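If you read the sequence shown in the numbering used here, its first letter stands for residue 250, the second for the next number, and so on.
Glycine is no exception: its CB is placed at the ideal position from the N, C-alpha and C atoms.
This structure is a prediction, so every number in the text was calculated from the model and none was measured.
Remarks on the structure that follows.
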Amino acid sequence: MKTPRIRKERGMILAVVMVAILVLSVLAAGFLMTSVAQSDRAQVSEEDVRLLNIAEAGVAAAIQDLVASGDGDFPTGDPRGDFDGGTFTVDTTDNLDGYFTIIASGTFDDTYRQWTKTIEVVVQEVSSATTLEVRAAIEANNNVTTGGNFIVDGR
């Protein structure tokens, strides 16, 4: 007596279903990883904008301080350095050529880490009778080291 063909292929359906479930699981994991990565990038972008705003507030405060005949410095712990839930520190250097270099760092803490962004701006010497001219600006997430000569002209 011959065995019907269906009995020989009976376990095949289970194997096909298992492969289909495996493929769908891999696809779902890929989509999940992609969405998590997109969310992380959006978070970093949001934090980057917030840090830039804090650091720029430091530059603005330094310019106001220079106009008021101050030294333009806001050291760590200076209560005037609070802005948008974070703090800024500013170091202002007189270049002795009619320009000041202002280095401002914006910092804030969230649940997971401390975020910091530093910007450097060169401004013309200011007084209450002059208008501000920004000569050059550099934005960086970490230390910036340069060698030789370079020009930032804003074009």
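Next item on the list: Using only alpha-carbon positions, find the residue among THR338, GLY279, GLU296, ILE262 that is nearest to TYR361.
Entry: GLU296
Checklist line | N-terminal and C-terminal residue of the beta strand (DSSP E) that ASP358 is part of | finding: 348-358
Check: Under the DSSP definition of a beta bridge, which residues are partnered with GLY335?
Finding: PHE332
Check: Run through DSSP, which three-state label would GLU369 get?
Finding: strand
Checklist line | Close-in-space but distant-in-sequence residues of the same chain around THR336 (CB under 6 Å, 5 per side omitted) | finding: If the five residues before and after THR336 are omitted, its C-beta is found closer than 6 Å to the C-beta atoms of GLY330, THR356, all from its own chain and listed in chain order.
Check: Between the C-alpha atoms of VAL298 and ALA304, what's the straight-line distance to the nearest angstrom?
Finding: Answer to the nearest angstrom: the Cα atoms are 10 Å apart.
Checklist line | LYS367 classed as buried or exposed, judged by whether at least 16 other C-beta atoms fall within 10 angstroms | finding: According to the sequence as given, residue 367 is Thr; it is not Lys. If you draw a 10 Å sphere on the C-beta of THR367, you find 16 or more other C-beta atoms in it, and that means buried.
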